[in-house]
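Report on the following structure.
Protein chains in written order, with the working numbering: chain A, 54 to 273; chain B, 199 to 539; chain C, 289 to 542.
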């Protein structure tokens, strides 16, 4: 009786080990394809790693909590001393928890650039967002906007607006902005390309503007 | 002669010198339950000292008998029952139920079990619990429903069928226990203290049910502290003590050797004669208008009878009073303790 | 299978009738309604907040149910000795354990599913668009719950409720850190590496099941990921339950 029980136990343990090993193999096979490369990027932001790990799978909900707190932080200081020294740090935590939380980069970037008169820091935050979301037309556009408005850097603005205009689902106005900025920066070739593209948008007003600019550039 | 020649032609030549058998010996049916030198040793979880709960128990239960497992607390009755049910494993020895290891679920297919102080899922009603039990036996839904209803009615629980078990009294829970033990129409019933918590009417009903089961051919193994009831129900008993079997046999057989005293019934007895008998160490009591004289041994009986006859006293009756199972049990344990068994 | 399902049905009845389940369901409802209240403070990200809190809350509550109710499920049977009457029937110990697992998992799944339906309804009514993609995240969460339940059943097959809850929580947390543990162990001695490697294969890797971040930003869970997650979950659960059954089979009921 004891001998047959031991055999049953050994078979059970062997079967269990087999299934667990197979599951491990599936996980390994799934890992590189499905989990993405976010983990490697996090190595560049050690301060955020711990926060992310502490979230235990609830990172996006934790990001929301952090976002709510940061909005409160902004609101309180807006009504009092107009100082937002920690906005960068707070928005970076939100971004660390949820790298696709675009609003954190945009809002943070603008507060830093416009209200704290620190456009370099604002642009740094937006660049961070672009590295995590390279196909986000919105982040590219907002970055270009800051370059245009705060640094008066038409060339950089043109570059980012062009980037935005090439991303999927971009807003129509990105092409217009790209064309204007490139034109102002003396990047005539790019401006012509963008205006010609605008002719195809189907927006009658935009098409009229595009024709006028192309005639001015001697391309029509 | 021609028949012999015919037979020899039918049989192979090498069998020519061997007388044919004209009847096959009957194959003995498998005993329902066989325990063979079963030992169960536990280890105390704190001290790790080994403790032998069952020490070399061998028993065989034949079909259709009611077998009592008796013994004081700690004798090994429940440990033995748990091994029979496959809840624990013997450390040594074998247990077979109709030739099968109790660990095999098929061995328990026709087994009904009533635990001591039963506890069932109290979030279920009686009907729901019997339905669960029936599913575990693989009984079809309509059959389980019909049997559950019939059993609950038979056990006086018809009106409480849909009440949650947590609202049942001890006696009602015990009856549910009997119902779930009988649901699969078992051929082997294992009952641990079946009368526990029941009032006299309940006990009488359960006894009746057990007798009916025996008539059906069901084998019943019951462990009980209520020896008077065991005596009236059981065909055979085993007395356990310290994990060992002290005695096993039929109730009649165990008690026949135990005549406690002889009772002489008399129409009348003079006070002087009564005093004289008491002075000799016997008991003489008046029972209404009659007298009963009790003597402790057969030799004393012969001597007292002779005396009474010589005195011209009319002897009404002479009856042996055998010891009850309880008295036998206590005597056997006492003898065991003194080491005379 | 009938016997297993009978035990599963009984377990479902037992767990679902626990007051704690009602409390958890009410709490979940409050969480959903509460997140609606917070959404105006979220500067236009209200929909994201409601979905995030809804998914996170339902997942967390269902996990709590699994761990804390599941850890005492077997122990209660032993304490009250209800298990004796059941195991004396023609049921294998493995069937009994599988029934317990199914009953507990289905109860947690019902809580999770119920909250997901309410979440869909709340977002549809408040934002006039139905985030169907959250069903992918909920599906992954269901498989994740199966893994957590299997881990709970495994520990409860041989230890006390308190230790079961502790080990189950520890295994789940460690599962999230599994990759980091392996990385740190690679810097250590061969002995440490071997031990951690063994633990790595045993721990549940739950990162595969977290698609909340994806769906909250409007993306759907890909079919490839669903297949990988389902396969991993199924194999892991079977492995754990076989191990639990092997241990439970040898258990003696004194």
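Cβ atoms here follow ideal geometry from the backbone N, Cα and C, with glycine treated the same way.
Distances from the CA of residue 384/B to each of 414/B, 323/B and 467/B were compared; the closest alpha carbon is that of 414/B.
Contact holds between the segment 423-441 of chain B and the segment 519-536 of chain B, because three or more Cβ pairs, one in each stretch, are under 8 angstroms apart. Under DSSP, residue 460/B forms a beta bridge with 493/B and 518/B. Going by C-alpha positions, residue 379/C is about 40 angstroms away from residue 528/B.
Taking the C-beta atoms as reference points, residue 471/B is found nearer than 8 angstroms to residue 509/B. Contact annotation: in the segment 263-289 of chain B, residues whose CB is within less than 9 angstroms of a CB in chain C are 277, 280, 283, 284, 285, 286 and 287. Annotation: Cβ neighbours of residue 72/A in chain C (cutoff 7 angstroms, chain order): 523, 526, 527 and 530. Three or more beta-carbon pairs separated by less than 8 angstroms are not found between the segment 471-491 of chain C and the segment 509-520 of chain C, which leaves the two stretches without contact. In terms of Cα proximity to residue 305/B, the closest of 386/B, 264/B, 239/B and 442/B is 386/B.
For residue 340/B, the number of other beta carbons within 10 angstroms of its own is below 16, and it is reported as exposed. The residue among 488/B, 501/B and 466/B with its C-alpha nearest the C-alpha of residue 479/B is 501/B. Residue contact check for residue 529/B against chain C: no CB pair falls below 8 angstroms. In the structure shown, residue 59/A adopts helical secondary structure according to DSSP, grouped into three states. The beta carbons of residue 314/B and residue 256/B sit about 24 angstroms from each other, so the pair does not count as a contact at 8 angstroms.
When DSSP states are grouped into helix, strand and coil, residue 534/C belongs to the helix group. The shortest C-alpha to C-alpha distance from residue 520/B to any of 378/B, 458/B, 467/B and 492/B is the one to 458/B.
Taking each of 524/C, 427/C, 450/C and 419/C in turn and checking the Cα distance to residue 463/C, the smallest one comes out for 524/C. If you draw a straight line from the Cα of residue 455/C to the Cα of residue 443/C, it comes to about 7 angstroms.
The beta carbon of residue 261/B is closer than 6 angstroms to those of 230 and 417 in its chain, skipping five residues each way along the sequence.
Residues of the same chain with a CB within less than 7 angstroms of the CB of residue 319/C, apart from the 5 flanking positions on each side, are 341 and 345 in chain order. Just measuring C-alpha positions, the residue of 257/A, 259/A and 246/A sitting nearest residue 271/A is 246/A. Rounded to whole angstroms, residue 470/C and residue 435/C show a C-alpha spacing of 21 angstroms. In the DSSP assignment, residue 259/B forms a beta bridge with 231/B. Closest in C-alpha terms to residue 268/B, from the list 513/B, 475/B, 464/B and 436/B, comes 436/B. In the DSSP assignment, residue 420/B is bridged to 266/B and 389/B. The contact set of residue 340/C on chain A, defined by CB atoms closer than 7 angstroms, consists of 113, 114 and 117 in chain order. The residue among 448/C, 400/C, 412/C and 417/C with its C-alpha nearest the C-alpha of residue 426/C is 400/C. When the beta-carbon positions are compared, residue 252/B and residue 274/B come within less than 8 angstroms of each other. Selection 227/B, 235/B and 419/B evaluated against residue 442/B yields 235/B as nearest (Cα-Cα). The alpha carbon of residue 405/C has as its nearest neighbour, out of 522/C, 415/C, 311/C and 420/C, the alpha carbon of 420/C. For the C-beta of residue 494/C, the chain A residues within less than 8 angstroms are, from N- to C-terminus, 110.
Inter-residue distance for residue 300/B and residue 394/C is about 32 angstroms (C-alpha atoms, whole angstroms). At a beta-carbon threshold of 9 angstroms, none of the residues of chain B lie near residue 328/C; the nearest stands roughly 44 angstroms away. Beta-bridge partners of residue 253/B (DSSP): 237/B.
Counting C-beta atoms within 10 angstroms of its own C-beta, residue 249/B has fewer than 16 neighbours from the protein chains shown and is therefore classed as exposed. Chain-order list of chain C residues neighbouring residue 80/A: 493, 496 and 520, by C-beta distance under 7 angstroms.
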